[in-house]
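Just so you know, we're using our numbering here: the sequence shown kicks off at 85 and counts up by one.
One structure below.
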Amino acid sequence: MRFVDLIEKKRNGKELSKQEIDFWIKAYVAGKIPDYQVSALLMAIYFKGMSIKETANLTLAMVDSGQRLDLSQLAGIKVDKHSTGGVGDKVTLVLIPLIASLGIPVAKMSGRGLGHTGGTIDKLESIDGLQVELSIEQFIQQVQEIGLSVVGQSNDLAPADKLLYALRDVTATVESIPLIASSIMSKKIAAGSDAILLDVTVGSGAFMKDLTNARTLAEMMVQLGRNVGRKTIAVLTDMNEPLGLAIGNRLEVLEAVDVLKNKGDVGLTEFILDLAELMIQLAGEEVSRALLRDNLANGQAYQKLVDLVTRQGGSEASLIRPAKIHQTIEIKAKSEGFITKLDALELGKAAMLLGAGRKTKDDLIDYEVGIVLAKKVGDFVKIDDVLLTLYVNQDTAAEVYQLINQAITIGKIQKQAQSIIEVIGL
Ligand code: URA
């Protein structure tokens, strides 16, 4: 088989066979195909797309490039959760302890943030001493003993995705629905859970800017999961404004702690309860919303986060330590009216420029800095009301203020924000 023939076939809009896709992935991981040829194929896929059959074959070829986690030693139905990325997304930090507090085991691998989006692993690392790198044996043993574990993605799972993602990142081929779907689902399938809840974000701060593409991606991923016998549900969720109030690693941990102590932003809390109900349904259990609320109010869900943190080397005190910053800067309203826009992309970029995120994969980040919103879309503000606070450790670039100005719109008509737009696969 000649790789150039595969490029030509896809360039001409034809379907690649399973044998061709297997050849591509095996040979690329073995270092036998140069990046320039794979880049050409990725660009052809970007323009010509892939059928569900091709995407399923690509997903499984990527799964087979590495190890598959065997979670069968853990009792019950194991449920995983994945978000396609956003700004202020601290859901995992709340949802996983909440689910574990009901006795449902959760073994979760998470990623780091890139660009304007945040990642759970960076948020966890803002907790002093916490280790996110565990061996697969330690990871499973921890779930057996305390019911939950959240660690970084093992290099042994879907190594083909790691190679391809790095290449997509520098060849402008990330935003392809079949490539995103196969990338996410190869890691989820290799990670071994029986059921998967996918949070597919839509809007300015998300990969998918419009509902039609988000729906296509969600449907494709649900199909890929079900093809291999995993119960899979996707929710389309709004990412036009940040999730909750905090953007930035330590600030988001503090907000997650507030939600776990039942003192969090109401919209964020209700959204997480919605996701929790779906996860519980996937686990085949029946738990009322009232019981979920009880576990927030009686400290049991928070205790599970404490268990996770202390078991992974962090201290309980560090969970509630305030952010270490030099200065806070309040941004105030210049006009009166309703907040009609709090753009997630611009605010995510502003937080990144403050040091909370990475422009490139190798950048160092400042875990302490970020932004805390005082208002959300739909709120009424008067002149000089505080809209948000910047938590900074270095001189604030003019570009940050520019982004903040562009991010916020105050208008005459009250707009209601919506968290879950649609559920796919129920
Ligand atoms: N997240 C992934 O893991 N892969 C993609 O391609 C996009 C988002």
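Just so it is clear, CB atoms sit at the ideal spot from N, CA and C, and this is done for glycine as well.
Computed from a predicted structure; not experimentally measured.
Using DSSP with H/G/I as helix, E/B as strand and the rest coil, what is residue i?
{"i": "Glu339", "result": "helix"}
{"i": "Glu452", "result": "coil"}
{"i": "Lys416", "result": "strand"}
{"i": "Glu325", "result": "coil"}
{"i": "Ile423", "result": "strand"}
{"i": "Thr493", "result": "strand"}
{"i": "Phe464", "result": "strand"}
{"i": "Ile183", "result": "helix"}
{"i": "Val371", "result": "coil"}
{"i": "Val216", "result": "coil"}
{"i": "Val470", "result": "strand"}
{"i": "Met304", "result": "helix"}
{"i": "Met127", "result": "helix"}
{"i": "Met363", "result": "helix"}
{"i": "Glu99", "result": "coil"}
{"i": "Met85", "result": "coil"}
{"i": "Gly383", "result": "coil"}
{"i": "Ile117", "result": "coil"}
{"i": "Leu208", "result": "helix"}
{"i": "Ile161", "result": "coil"}
To which residues of the same chain is residue i closer than 7 angstroms at the C-beta, ignoring the five residues directly before and after it?
{"i": "Ile180", "result": "Val190, Lys192, Leu232 and Val234"}
{"i": "Phe291", "result": "Thr168, Gly169, Glu259 and Ile264"}
{"i": "Ala140", "result": "Leu308 and Asn311"}
{"i": "Gly509", "result": "Val306, Thr316, Ile317 and Ala318"}
{"i": "Asp391", "result": "Ile230"}
To which residues does DSSP link residue i through a beta bridge?
{"i": "Ile112", "result": "Before going further, note that residue 112 is Tyr rather than Ile in the sequence given. For Tyr112, which the question treats as bridged, DSSP gives no partner whatsoever."}
{"i": "His166", "result": "Leu282"}
{"i": "Tyr475", "result": "Thr412 and Gly454"}
{"i": "Ala524", "result": "Because the chain spans 85 through 510 in this model, residue 524 falls outside it and cannot be assessed."}
{"i": "Thr316", "result": "Ile280"}
{"i": "Ala36", "result": "The displayed coordinates of the chain run from 85 to 510. Any statement about residue 36 would go beyond what the structure contains."}
{"i": "Glu191", "result": "Rather than Glu, the amino acid found at residue 191 in this sequence is Ala. DSSP output for Ala191 lists Ser233 as bridge partner(s)."}
{"i": "Glu506", "result": "Leu320"}
{"i": "Met292", "result": "Val286"}
For residue i, which residues of its own chain have a beta-carbon under 6 angstroms away from its beta-carbon, when the five flanking residues on both sides are left out?
{"i": "Thr204", "result": "Thr176 and Ser194"}
{"i": "Asn346", "result": "Leu380 and Ala381"}
{"i": "Gln500", "result": "Gly462"}
{"i": "Ser402", "result": "Ile211 and Asp212"}
Which same chain residues end up closer than 8 angstroms to residue i when comparing Cβ atoms and leaving out the 5 residues on each side of it in sequence?
{"i": "Val171", "result": "His200, Thr201, Gly202, Gly289, Met323, Pro326, Leu327, Ile331, Ala428, Leu429, Leu431, Gly432 and Ala435"}
{"i": "Glu104", "result": "Met85, Leu90 and Lys93"}
{"i": "Lys293", "result": "Val286 and Gly287"}
Open item on the list: With three or more C-beta pairs closer than 8 angstroms as the rule, is the stretch 185-201 touching the stretch 364-375?
Closed with: Contact between the stretch 364-375 and the stretch 185-201 is present, because at least three Cβ pairs lie under 8 angstroms.
- [ ] State whether the stretch 318-325 contacts the stretch 273-285, with contact taken as three or more CB pairs (one from each stretch) at a distance under 8 angstroms.
- [x] The stretch 318-325 vs the stretch 273-285: in contact.
Open item on the list: Counting beta carbon pairs with one atom in the stretch 455-465 and one in the stretch 422-440, are three or more of them shorter than 8 angstroms?
Closed with: Cβ pair count under 8 angstroms is three or more, so yes.
Open item on the list: Across the stretch 235-246 and the stretch 119-136, are there enough close Cβ pairs to call them in contact, namely three or more that are closer than 8 angstroms?
Closed with: In this structure the stretch 235-246 does not lie against the stretch 119-136, because fewer than three pairs of beta carbons, one per stretch, are closer than 8 angstroms.
Task: Ranges of the alpha helix (DSSP H) found wholly within the stretch 234-281, counting only runs of at least 4 - done: Within the stretch 234-281, the complete alpha helix (DSSP H) runs of at least 4 residues are 243-253 and 261-274.
Open item on the list: When you compare the stretch 103-116 with the stretch 143-150, are there three or more beta-carbon pairs, one atom per stretch, that lie closer than 8 angstroms?
Closed with: Cβ pair count under 8 angstroms is three or more, so yes.
Task: the stretch 463-470 in contact with the stretch 348-359 per 3-pair CB rule at 8 angstroms - done: No, because fewer than three Cβ pairs between the stretch 463-470 and the stretch 348-359 fall closer than 8 angstroms, the two stretches do not touch.
Task: Stretch-stretch touch, CB-based, cutoff 8 angstroms, three pairs: the stretch 397-404 with the stretch 466-482 - done: Flag = no, the stretch 397-404 and the stretch 466-482 do not touch.
TODO: Would you be able to state if there are at least three C-beta pairs under 8 angstroms between the stretch 481-488 and the stretch 297-304?
DONE: With a cut-off of 8 angstroms on Cβ pairs, the stretch 297-304 is not in contact with the stretch 481-488, counting fewer than three such pairs.
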